[in-house]
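Structure, as structure tokens:
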Amino acid sequence: MKYTGVLKKMQTELGNPIQYYLVFESDFIHMNQLLNKKIQIEFVGYQCLACGKNKKIFRQGYCYDDFYNQPQVGDWVIRPELSTAHLDIEDRDLEFEKKAQLQPHIVYLANSSSVKVGVTRKSQVPTRWIDQGAHEAIAIVEVPNRYLAGIAEVALKEKVSDKTNWRKMLKNDIVDENLIDYKNTLRDCIPDEVKDYFIEDGKETQLHFPVLQYPDKLKSLNLEKTPEFSGVLKGIKGQYLIFEDHTVFNVRNNEGYVVRLTIS
Ligand SMILES: [Zn+2]
Numbered sequence: 009m010k011y012t013g014v015l016k017k018m019q020t021e022l023g024n025p026i027q028y029y030l031v032f033e034s035d036f037i038h039m040n041q042l043l044n045k046k047i048q049i050e051f052v053g054y055q056c057l058a059c060g061k062n063k064k065i066f067r068q069g070y071c072y073d074d075f076y077n078q079p080q081v082g083d084w085v086i087r088p089e090l091s092t093a094h095l096d097i098e099d100r101d102l103e104f105e106k107k108a109q110l111q112p113h114i115v116y117l118a119n120s121s122s123v124k125v126g127v128t129r130k131s132q133v134p135t136r137w138i139d140q141g142a143h144e145a146i147a148i149v150e151v152p153n154r155y156l157a158g159i160a161e162v163a164l165k166e167k168v169s170d171k172t173n174w175r176k177m178l179k180n181d182i183v184d185e186n187l188i189d190y191k192n193t194l195r196d197c198i199p200d201e202v203k204d205y206f207i208e209d210g211k212e213t214q215l216h217f218p219v220l221q222y223p224d225k226l227k228s229l230n231l232e233k234t235p236e237f238s239g240v241l242k243g244i245k246g247q248y249l250i251f252e253d254h255t256v257f258n259v260r261n262n263e264g265y266v267v268r269l270t271i272s
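Following our numbering, the numbering of the sequence shown begins with 9 at its first residue and continues without gaps.
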């Protein structure tokens with residue numbers, strides 16, 4: 009089977025294990041079914057997720073110009089505390105920013121390699137946790153807008169990292185933590201404006217990834233250096249495909265790349 013399309017992050021469905029789908033314009037590929045199969049990936053070109061042109065991808069699926077113009081990649085995305093839609097102040101497109109920022113957000117703890125703190129729209133739970141390759145996660149506060157989530161995250165970052173060690177995550181070099189205890193310990197660090205939004209009860213979510221064999225050394229596939237790769241798929245974790253020869257491919261980091269997949 010051959011499929012050609014522009015890469016976007018895989019869609020997921022919570023299950024045991026998590027189900028992954030690669031969505032191309034005319035194909036919907038259920039990636040779990042490709043485990044133990046040989047996949048060839050060929051780099052065909054670029055297709056910017058905004059302008060659709062064959063221009064080199066700069067970041068997050070966008071060409072250079074669009075990365076600096078598109079409202080969905082404003083600074084407030086990575087740094088929620090910079091959100092200003094609640095003050096009616098525009099960054100790139102106020103209408104877009106109001107829709108994105110003025111909706112329920114969650115500040116959470118996720119354990120992928122160690123415990124980290126993060127922010128996501130409530131509608132993106134548990135998608136966000138799956139994309140990070142977290143094997144367990146818990147919500148700490150639920151707030152009505154992105155700004156409040158951002159200031160809570162900034163305060164909690166003093167105590168907890170906000171980074172994922174993707175190498176440890178992929179090697180499954182992980183430890184189970186009691187996230188409920190962790191969350192309760194952090195309660196006092198939440199800023200006053202956010203304290204009322206603390207989630208009193210709430211359980212850990214456990215996530216199970218479809219991995220048959222974890223890699224012990226890692227080689228990251230870069231399509232610009234290696235425009236043609238083939239290997240046997242052994243697992244999927246976060247947004248990574250894991251191959252038998254320890255090659256890993258981050259689908260999300262390759263958004264906007266047009267590829268041809270051949271499955272045998
Ligand atoms: Zn573009």
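Cβ coordinates follow ideal geometry from the N, Cα and C atoms, glycine included.
Taking only heavy atoms of ligand 1 into account, decide whether any of them is closer than 7 Å to the Cβ of D74. Against the sequence shown, residue 74 aligns to sequence position 66. Yes, ligand 1 has a heavy atom inside 7 Å of this Cβ.
Excluding the 5 residues preceding and the 5 following R136 in the sequence, name in chain order all residues of the same chain whose CB lies nearer than 6 Å to its CB. Sequence index remark: in the sequence shown, residue 136 carries index 128 (1-based). T128, listed in sequence order.
Just to check, is the beta-carbon of K61 closer than 7 Å to a non-hydrogen atom of ligand 1? Position 53 of the sequence shown, counted from the first residue, corresponds to residue 61. Yes, Cβ of K61 sits closer than 7 Å to a heavy atom of ligand 1.
Minimum length 4: unbroken alpha helix (DSSP H) runs contained in the segment 189-250: 200-203
Nearest to H143 by alpha carbon, out of P218, V168 and G239? As a working note, residue 143 is residue 135 in the sequence shown. Ranking the options by Cα distance to H143, first place goes to P218.
Alpha carbon of R100 to alpha carbon of G158, nearest angstrom: In the sequence shown, the residue the question calls residue 100 occupies position 92. In the sequence shown, the residue the question calls residue 158 occupies position 150. Cα to Cα, R100 sits roughly 19 Å from G158.
Y190 and V123 look like a contact to me (Cβ under 8 Å); what is the Cβ gap, rounded to whole Å? Numbered from 1 along the sequence shown, position 182 holds the residue referred to as residue 190. Numbered from 1 along the sequence shown, position 115 holds the residue referred to as residue 123. The pair is a contact, with the Cβ atoms about 6 Å apart (cut-off 8 Å).
Is Y265 near ligand 1, in the sense that its beta carbon is under 7 Å from a heavy atom of that ligand? Residue 265 sits at position 257 when you count from the first residue of the sequence shown. It does not: the Cβ of Y265 is nowhere closer than 7 Å to a heavy atom of ligand 1.
In the DSSP output, which residue or residues are listed as bridge partners for I271? Position 263 of the sequence shown, counted from the start, is the residue given in the question as residue 271. Answer is I47.
Cβ-based burial, V115 [other Cβ within 10 Å; buried from 16]: Position 107 of the sequence shown, counted from the start, is the residue given in the question as residue 115. Buried.
CB-CB under 6 Å to S169, same chain, minus the five flanking residues each way: which ones, in chain order? Here residue 169 refers to the residue found at position 161 of the sequence shown. The residues are K124.
Within-8 Å CB hit, N262 to chain C: Within the model displayed, chain C is absent; a lone protein chain is all it includes.
To the nearest angstrom, how far is the alpha carbon of D273 from that of Q19? A question about residue 273 goes unanswered here, because the residues of the chain that appear run from 9 up to 272.
Taking 8 Å as the threshold (C-beta atoms), are K106 and L178 in contact? Here residue 178 refers to the residue found at position 170 of the sequence shown. Here residue 106 refers to the residue found at position 98 of the sequence shown. Contact: no.
What residue range is occupied by the uninterrupted alpha helix (DSSP H) comprising T135? In the sequence shown, counting from the first residue as 1, residue 135 sits at position 127. First-last of the alpha helix (DSSP H) with T135: T135 to Q140.
Give the DSSP-derived three-state secondary structure of G158 in the structure shown. As a working note, residue 158 is residue 150 in the sequence shown. Helix at G158.
Residue range of the unbroken beta strand (DSSP E) whose run includes I37: Numbered from 1 along the sequence shown, position 29 holds the residue referred to as residue 37. It spans F36 to H38 - the beta strand (DSSP E) in which I37 sits, taken as one unbroken run.
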